[in-house]
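Participant: I have a structure I would like to understand better, so I am pasting it below and will then ask my questions one at a time.
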Amino acid sequence: MHPTSAFRSADHALRDQMIREHPFLTLFCNTPDGPRAAHSPVHISERGTLLFHLARGNALTKAIENTRVLAVLNGPEAYISARWYAEANQ
37 MHPTSAFRSA DHALRDQMIR EHPFLTLFCN TPDGPRAAHS PVHISERGTL LFHLARGNAL
97 TKAIENTRVL AVLNGPEAYI SARWYAEANQ
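This note's numbering numbers the first residue of the sequence shown as 37 and each following residue consecutively.
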(Lines of atoms letter the chains of each structure in order from A; the text may use other names.)
(Lines give C-alpha, C1' and ligand atoms only; values in the text may rest on other atoms or scores of the structure.)
Protein backbone atom coordinates (compact mmCIF):
# COMPACT_ATOMS: atom_id res chain seq x y z
CA MET A 37 0.00 0.00 0.00
CA HIS A 38 1.16 3.51 -0.68
CA PRO A 39 1.81 5.21 2.69
CA THR A 40 0.30 8.57 1.84
CA SER A 41 -0.30 10.92 4.76
CA ALA A 42 -3.88 11.54 3.57
CA PHE A 43 -4.83 8.09 4.91
CA ARG A 44 -2.61 8.03 8.01
CA SER A 45 -4.03 8.81 11.43
CA ALA A 46 -2.60 8.85 14.94
CA ASP A 47 -6.11 8.82 16.38
CA HIS A 48 -6.01 5.67 18.51
CA ALA A 49 -9.65 6.08 19.58
CA LEU A 50 -10.70 6.00 15.91
CA ARG A 51 -8.52 2.94 15.30
CA ASP A 52 -10.05 1.14 18.29
CA GLN A 53 -13.57 2.03 17.17
CA MET A 54 -12.90 0.72 13.66
CA ILE A 55 -11.61 -2.56 15.08
CA ARG A 56 -14.67 -2.92 17.32
CA GLU A 57 -17.04 -2.21 14.40
CA HIS A 58 -15.22 -4.39 11.83
CA PRO A 59 -13.30 -7.05 13.80
CA PHE A 60 -11.73 -8.89 10.88
CA LEU A 61 -8.28 -8.39 9.39
CA THR A 62 -5.79 -9.86 6.96
CA LEU A 63 -2.28 -10.63 8.20
CA PHE A 64 0.68 -10.63 5.82
CA CYS A 65 4.03 -12.17 6.72
CA ASN A 66 7.11 -13.66 5.09
CA THR A 67 7.60 -17.35 5.83
CA PRO A 68 10.40 -19.74 4.86
CA ASP A 69 8.12 -20.80 1.98
CA GLY A 70 7.53 -17.23 0.80
CA PRO A 71 4.97 -14.52 1.59
CA ARG A 72 1.68 -15.63 3.10
CA ALA A 73 -1.60 -13.99 4.06
CA ALA A 74 -4.29 -15.13 6.49
CA HIS A 75 -7.67 -13.79 7.54
CA SER A 76 -8.45 -13.59 11.23
CA PRO A 77 -10.98 -12.22 13.69
CA VAL A 78 -9.39 -9.50 15.82
CA HIS A 79 -9.89 -7.84 19.18
CA ILE A 80 -7.95 -4.95 20.69
CA SER A 81 -6.87 -5.21 24.32
CA GLU A 82 -7.13 -2.40 26.86
CA ARG A 83 -3.40 -1.78 26.30
CA GLY A 84 -3.91 -1.39 22.53
CA THR A 85 -2.50 -4.79 21.57
CA LEU A 86 -4.09 -6.60 18.65
CA LEU A 87 -5.34 -10.03 19.66
CA PHE A 88 -6.15 -12.45 16.87
CA HIS A 89 -6.48 -16.17 16.21
CA LEU A 90 -4.80 -18.40 13.65
CA ALA A 91 -5.39 -22.11 13.29
CA ARG A 92 -2.48 -24.27 14.44
CA GLY A 93 -2.10 -25.65 10.91
CA ASN A 94 -1.91 -22.20 9.28
CA ALA A 95 1.49 -21.57 7.63
CA LEU A 96 1.75 -18.20 9.42
CA THR A 97 1.45 -19.77 12.87
CA LYS A 98 5.01 -21.14 12.81
CA ALA A 99 6.53 -18.06 11.15
CA ILE A 100 4.80 -15.21 12.95
CA GLU A 101 6.63 -15.17 16.29
CA ASN A 102 9.35 -12.48 16.47
CA THR A 103 8.54 -11.34 12.92
CA ARG A 104 7.13 -8.10 11.58
CA VAL A 105 3.59 -8.56 10.31
CA LEU A 106 1.39 -6.27 8.26
CA ALA A 107 -2.18 -6.24 9.60
CA VAL A 108 -4.84 -4.78 7.31
CA LEU A 109 -8.23 -4.11 8.84
CA ASN A 110 -11.07 -5.04 6.52
CA GLY A 111 -13.86 -2.48 6.79
CA PRO A 112 -17.31 -2.65 5.31
CA GLU A 113 -17.24 -4.15 1.83
CA ALA A 114 -19.08 -2.69 -1.09
CA TYR A 115 -19.04 -2.85 -4.86
CA ILE A 116 -19.78 0.18 -7.01
CA SER A 117 -20.74 -0.68 -10.54
CA ALA A 118 -19.40 1.47 -13.37
CA ARG A 119 -23.07 2.12 -14.23
CA TRP A 120 -23.37 4.10 -10.96
CA TYR A 121 -21.45 7.04 -12.47
CA ALA A 122 -23.47 9.60 -14.41
CA GLU A 123 -20.87 9.86 -17.17
CA ALA A 124 -18.20 7.57 -18.49
CA ASN A 125 -14.57 8.41 -17.63
CA GLN A 126 -15.30 10.05 -14.27
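The beta-carbon is built from N, C-alpha and C at its ideal position, and this holds for glycine as well.
This one's a predicted model, so the numbers in the text were calculated from it and none came from an experiment.
#1: To the nearest angstrom, report how far apart R83 and L106 are at their CA atoms.
#2: Does DSSP put R56 in a helix, in a strand, or in coil?
#3: Could you give the residue range of the alpha helix (DSSP H) that holds L96?
#4: In the DSSP assignment, what residue or residues form a beta bridge with R119?
#5: Which same chain residues end up closer than 7 Å to D69 when comparing Cβ atoms and leaving out the 5 residues on each side of it in sequence?
Facilitator: If we stick to the structure as given:
#1: In the sequence shown, the residue the question calls residue 83 occupies position 47. In the sequence shown, the residue the question calls residue 106 occupies position 70. Cα-Cα distance, rounded: 19 Å.
#2: Locating residue 56 in the sequence shown gives position 20, where the first residue counts as 1. R56: helix per DSSP, three-state reduction.
#3: As a working note, residue 96 is residue 60 in the sequence shown. A95 to A99 is the extent of the alpha helix (DSSP H) around L96.
#4: Your numbering for residue 119 matches position 83 in the sequence shown. DSSP output for R119 lists no bridge partner at all.
#5: Here residue 69 corresponds to residue number 33 of the sequence shown, with the count starting at 1. Excluding positions up to five away in sequence, the list reads A95.
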